[in-house]
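Under full-length UniProt numbering, the letters of the sequence shown match residues 1 to 235, in that order.
Take a look at the structure below.
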Amino acid sequence: MGQAYFITGTGTDIGKTIVTSALYLSLQTFGKTVTIFKPFQTGINEETNTYPDISWFEQELGVKESGFYTLEPETSPHLAIKLTGSQIDEKKVVERVHELEEMYDVVLVEGAGGLAVPLIERAEGFYMTTDFIRDCGMPVVFVSTSGLGAIHNVVTTHSYAQIHDINVKTILYNHYRPEDRIHQDNIETIEKLTGLKGLACIPTLADVRKDLRICILDLLGDQNYTQQLKEVFKA
Numbered sequence: 001m002g003q004a005y006f007i008t009g010t011g012t013d014i015g016k017t018i019v020t021s022a023l024y025l026s027l028q029t030f031g032k033t034v035t036i037f038k039p040f041q042t043g044i045n046e047e048t049n050t051y052p053d054i055s056w057f058e059q060e061l062g063v064k065e066s067g068f069y070t071l072e073p074e075t076s077p078h079l080a081i082k083l084t085g086s087q088i089d090e091k092k093v094v095e096r097v098h099e100l101e102e103m104y105d106v107v108l109v110e111g112a113g114g115l116a117v118p119l120i121e122r123a124e125g126f127y128m129t130t131d132f133i134r135d136c137g138m139p140v141v142f143v144s145t146s147g148l149g150a151i152h153n154v155v156t157t158h159s160y161a162q163i164h165d166i167n168v169k170t171i172l173y174n175h176y177r178p179e180d181r182i183h184q185d186n187i188e189t190i191e192k193l194t195g196l197k198g199l200a201c202i203p204t205l206a207d208v209r210k211d212l213r214i215c216i217l218d219l220l221g222d223q224n225y226t227q228q229l230k231e232v233f234k235a
């Protein structure tokens, strides 16, 4: 049986989908069977009538049926559910995660936003992202930018994870600028404050479709990256 890992961001629009794609392609080089699951996708692209993340996974990576619940409003899941009057059963989502674990060595479950995002609102209260993570028994991988504000965002997200008994395995940084002292110091300081050692630093990709695979080849040439990748994902 495989293991599902939850990919979450320390903010909005920081590149979870790119990082998830990088992990997917990297892990395949170890001979592992890998898939991606996006259980809650909000925000339809009205021009193409597609859901951006799900469409990317299918067209660029060849991952079929990565979605589950799709909601047109570009809002948090709980609000999109209310606006559309959708009926959501979180138990079915948890079951799907476990089904995928039976089929693949590694299941990368991409979240909607961050750890504190409410997924479903009911009269008795909210079903939170952290509830979903615990119900599935998933360890978590953080995605953060590395520039100004990263220390606060990562430390507060990490503290929230600890409060809710969430097992955070590692962190990947997006939009990294190696020549920028702020970026360098942020990563060093975050590790000192949280104990999270960065798995990888991904620069801003000018042409994502072309540059992502080049970036992955560079990462795979780094022994520290491949070793940590094997340790985190038991590859």
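By construction, the Cβ of each residue, glycine as well, lies at the ideal position given by its N, Cα and C atoms.
- Shown here for Val94: same chain residues with a beta carbon closer than 8 Å to its own, the five before and five after excluded, namely Phe132, Asp135 and Cys136 in chain order.
- Under the criterion of beta carbons closer than 8 Å, Lys169 and Pro139 qualify as touching, at roughly 5 Å.
- Look at Pro139 here: in three-state DSSP terms it is coil, with no helix or strand label.
- The straight-line gap separating the alpha-carbon atoms of Thr226 and Ile216 is approximately 11 Å.
- It is roughly 36 Å from the alpha-carbon of Ser146 to the alpha-carbon of Thr84.
- Separation of Lys197 and Leu23 (C-alpha to C-alpha, rounded to the nearest whole angstrom) is 16 Å.
- For Met1, there is no enclosing beta strand (DSSP E), as DSSP marks it with neither H nor E.
- In the three-state scheme derived from DSSP, where H, G and I count as helix and E and B as strand, Phe30 is classed as coil.
- One Cα belongs to Ser21, the other to Met103, and the distance between them is close to 19 Å.
- Taking Ser76 as the centre and dropping the five residues before and after it, the same chain places the C-beta of Val117 closer than 6 Å to its C-beta, in chain order.
- Within the DSSP secondary-structure output, Pro118 pairs in a beta bridge with Met128.
- Note that the C-beta distance between Phe40 and Phe6 is not below 9 Å.
- Remark: C-beta atoms of Leu205 and Leu199 do not approach each other more closely than 9 Å.
- In chain order, Thr8, Gly9, Thr10, Gly11, Thr12, Thr129 and Thr157 place their CB closer than 8 Å to the CB of Gly114, counting only its own chain and leaving out the 5 sequence neighbours on each side.
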